[in-house]
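Residue numbers (UniProt numbering): 1 to 193.
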């Protein structure tokens, strides 16, 4: 069962916003949050920390929370929790990444599509696209997937990265954060030029 930490944002007399934790530890996500009270959690053995920041979809008023999970066959995958409200209507995406892909980041793209980027054990960053329900994640072979490596040697999971969508001069774009490795003749110089 996924776990959650609960907090509350309040404002004081001067309209300063402050966040306070409701408890000092995490707890199981209450069953009344799930859209399907018998949510199929049995396909997962354990839920793991390390997913990226969640997003709020613009038009459909839905929250999308990227998570990673250990399946019963001991393979780790990335997927999302879709939440219609903060207090109810949660469900897991039907689809998930390929086995061995972790540290997911997610964004909303054109036509309410979801895009997820994950770090995969083969040393690549894979990019997946799904509809707003996350029903089926399809790897984007022809565009972004496997363009970036996870580390300089492109081995293992490497470092975590992220991405966001933005509109610049009327054009929707994806901004990606990745480490830059600079050097001359195989030696690090610490300079980008």
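We put the beta carbon where it would ideally sit given N, CA and C, even for glycine.
Check your understanding: Taking the alpha-carbon positions, what's the residue 98 to residue 11 distance?
Key -> Residue 98 sits at position 98 when you count from the first residue of the chain shown. Residue 11 sits at position 11 when you count from the first residue of the chain shown. Annotation: residue 98 to residue 11 spans about 43 Å, alpha carbon to alpha carbon.
Check your understanding: Helix, strand or coil for residue 126 per DSSP?
Key -> Walking along the chain shown from the start, residue 126 turns up at place 126. Reduced to three states, the DSSP call for residue 126 is strand.
Review point. Starting from residue 108 and walking both ways along the beta strand (DSSP E), at which residues does that stretch end?
Key: For the purposes of this step, residue 108 is identified with residue 108 of the chain shown, where counting begins at 1. That run of the beta strand (DSSP E) goes 101-108.
Point to revise | Sequence-distant residues of its chain with Cβ nearer than 8 Å to residue 48 (five each side left out) | key: Along the chain shown, one-based indexing puts residue 48 at 48. Result list for residue 48: 67, 68, 69, 70, 76 and 102, in chain order.
Review point. What does DSSP give as the partner residues of residue 135 in its beta bridges?
Key: On the chain shown, position 135 is the one that residue 135 refers to. For residue 135, which the question treats as bridged, DSSP gives no partner whatsoever.
Review point. In terms of residue numbering, what span does the beta strand (DSSP E) encompassing residue 80 cover?
Key: Stepping through the chain shown from its first residue, residue 80 is reached at position 80. 76-83 is the extent of the beta strand (DSSP E) around residue 80.
Exercise for review: Taking all protein chains shown into account, decide if residue 78 is buried (16 or more other Cβ within 10 angstroms of its Cβ) or exposed.
Suggested key: Residue mapping note: residue 78 aligns to position 78 of the chain shown, counting from 1. Buried, because 16 or more other Cβ atoms sit within 10 Å of the Cβ of residue 78.
Check your understanding: Excluding sequence positions up to five away, which residues of its chain have a Cβ less than 6 Å from the Cβ of residue 142?
Key -> As a first step, residue 142 must be located in the chain shown, where it is residue number 142. Same-chain partners within the cutoff: there are none.
Point to revise | Bridge partners - residue 63, DSSP secondary structure assignment | key: Taking the first residue of the chain shown as 1, we reach residue 63 at position 63. In DSSP, residue 63 forms a bridge with 56 and 83.
Check your understanding: Taking the alpha-carbon positions, what's the residue 104 to residue 88 distance?
Key -> Within the chain shown, numbered from 1, the residue matching residue 104 stands at position 104. Within the chain shown, numbered from 1, the residue matching residue 88 stands at position 88. Each residue's Cα considered, the two are about 23 Å apart.
Check your understanding: Who does residue 217 pair with in a DSSP beta bridge?
Key -> This structure gives no information on residue 217, because the portion of the chain shown stretches from 1 to 193.
Review point. Just curious, the beta strand (DSSP E) that residue 22 is in, first and last residue?
Key: Start at 1 with the first residue of the chain shown, and residue 22 comes out as number 22. Residue 22: not part of any beta strand (DSSP E); DSSP gives it neither H nor E.
**Study point:** Unbroken beta strand (DSSP E) run spanning residue 91, endpoints
**Key:** Along the chain shown, read from residue 1 onward, the residue named residue 91 stands at position 91. Unbroken beta strand (DSSP E) run through residue 91: 90-92.
Review point. Relative to the C-alpha of residue 51, which residue among 65, 14 and 17 is closest?
Key: Here residue 51 refers to the residue found at position 51 when the chain shown is read from its first residue. Residue nearest to residue 51 within the set 65, 14 and 17 is 65 (criterion: CA-CA distance).
Practice item. Please name the residue in 46, 59 and 177 whose C-alpha comes closest to that of residue 111. Key: By 1-based counting over the chain shown, the position of residue 111 is 111. Of the candidates 46, 59 and 177, the one whose C-alpha sits nearest the C-alpha of residue 111 is 59.
Exercise for review: Could you tell me whether the Cβ atoms of residue 120 and residue 134 are closer together than 9 Å?
Suggested key: For this step, residue 120 is matched to residue 120 along the chain shown. For this step, residue 134 is matched to residue 134 along the chain shown. For the 9 Å CB-CB criterion, residue 120 and residue 134 do not form a contact.
**Study point:** Extent of the continuous beta strand (DSSP E) run through residue 162
**Key:** Position 162 of the chain shown, counting from 1, holds the residue named residue 162. Here the beta strand (DSSP E) through residue 162 covers 162-168.
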